[in-house]
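Numbering (the UniProt record's numbering), first residue to last: 1 to 260.
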């Protein structure tokens, strides 16, 4: 019942937008499924989709038309969902608001959000063999792409990048998205009086921090990035205190790992 109520709430938010934009205009074929039903199908596909034929069977629709319908619906509704559920959250949850409401990270309250990269399974791309190979992941053994997602300690995502090939390093994706990070980490005018005694505060007095994992080594030279320490080749093992610090970072970063 709770899941149904949540879905109904989403429909109430998107109804006007969807009815104005879905399957309208001259020459459009009438769709057998209502816009509301397709929304629920889309949510089900996003939550459970491993194979299109598996999820389409849940709704007793052939795989090919189901896939086309859901993709078309996603293209139509994505700008509205991203604007309302992602961009608006970034504007709403300033560090002032996070601190006032007690929603900062437990171990590193000077970090505004955590960032991570996730791999998404995708159909084999078309094109020449070199283009196709770029999107094959040897680690996962299928085609796909990577996206970077940034998540507040409240659990709300505030940014998601365009996809890139699996071969692109996590730190490179962060740098490609530098315009967002510089803006989102910048302290607002009324935030200069807020307490900030976290790591790298002396080097980046005008910025809040971001929590990243060990795949972002070297980033702290450009950004106020709090990351686990990685044992260098030939160096002695990490100390007990360094391991504890890494654990504290991982504990706060659970919010982004959980959402992905």
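Glycine included, every Cβ here is placed at the ideal spot set by N, Cα and C. In this text, all values refer to a predicted model and were calculated from it rather than measured experimentally.
Residue i, DSSP secondary structure in three states
i: residue 120; result: strand
i: residue 212; result: coil
i: residue 247; result: helix
i: residue 226; result: strand
i: residue 30; result: coil
i: residue 23; result: coil
i: residue 207; result: strand
i: residue 177; result: coil
i: residue 60; result: coil
i: residue 187; result: coil
Local Cβ density within 10 Å of residue i, reported as buried at 16 or more and exposed below that
i: residue 254; result: exposed
i: residue 116; result: buried
i: residue 197; result: exposed
i: residue 170; result: buried
i: residue 159; result: buried
i: residue 156; result: buried
i: residue 111; result: buried
i: residue 149; result: buried
i: residue 16; result: exposed
Nearest-angstrom Cβ-Cβ length linking residue i and residue j, presumed shorter than 8 Å
i: residue 259; j: residue 227; result: The Cβ separation is near 19 Å, so there is no contact.
i: residue 19; j: residue 35; result: 6 Å
i: residue 207; j: residue 187; result: 6 Å
i: residue 176; j: residue 210; result: The pair is not a contact, with the Cβ atoms about 15 Å apart (cut-off 8 Å).
Top-ranked residue by Cα proximity to residue i, from the options
i: residue 199; options: 178, 48 and 109; result: 109
i: residue 151; options: 46, 31, 104 and 233; result: 104
i: residue 193; options: 231, 157, 95 and 234; result: 95
i: residue 165; options: 139, 112, 84 and 39; result: 139
i: residue 252; options: 107, 160 and 238; result: 107
i: residue 231; options: 58, 222 and 246; result: 246
i: residue 51; options: 81, 225 and 142; result: 142
Any chain D beta carbon closer than 7 Å to residue i
i: residue 8; result: Of the protein chains in this structure there is only one, and it is not chain D.
Which ranges does the beta strand (DSSP E) cover as unbroken runs of at least 3 residues, wholly within the region 86-157, from first to last along the chain? 111-121 and 142-151
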